[in-house]
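In terms of my numbering, the sequence shown opens at residue 4 and continues consecutively. Below: the structure, in structure tokens.
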Amino acid sequence: MSAGIEAGAVRETADLVITLSAAEQRRLLDYIVRPYNFFRHADRDPLATLEEDDIDPDGVIGHALTALTMISPRKPLPDTIKPYLERHDPLDAAQF
């Protein structure tokens, strides 16, 4: 992906195509939704627990930034986001 951006082939999110199997889609959706559903339904099962590994703080921030760019596609991210992005470069595969 980063090579496509550097080569100029990827200029906006619409240029990206990601193909996932149904199982991969479900796993991705569970990763995003599971912690939120836990808190939303916590009153129904007071003995339920949420493991620390179920929440990825960087993932939460990444999803929030993604949502922000989706609802405001032409608006640049605030400068206050820059230090976070410099520390957690989403295009740096070496971090994963």
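All C-beta atoms in this analysis are idealised placements derived from N, C-alpha and C, irrespective of residue type, glycine included.
Checking 8 Å against the spacing of the C-beta atoms, do I58 and P38 come in under that value? Cβ distance < 8 Å, so I58 and P38 count as in contact.
On the three-state DSSP scale, how would you describe R14? Collapsing the DSSP output to three states places R14 in coil.
H66, DSSP secondary structure in three states: In the structure shown, H66 sits in a helix (DSSP, three-state: H, G or I).
For D18 and A12, what's the separation of their Cα atoms in angstroms? Each residue's CA atom was taken as its position, placing D18 and A12 some 8 Å apart.
F41 and L53: beta carbons closer than 8 Å? Contact: yes.
Nearest to T69 by alpha carbon, out of E15, I8, A10 and A6? Of the listed residues, the one whose Cα sits closest to T69 is E15.
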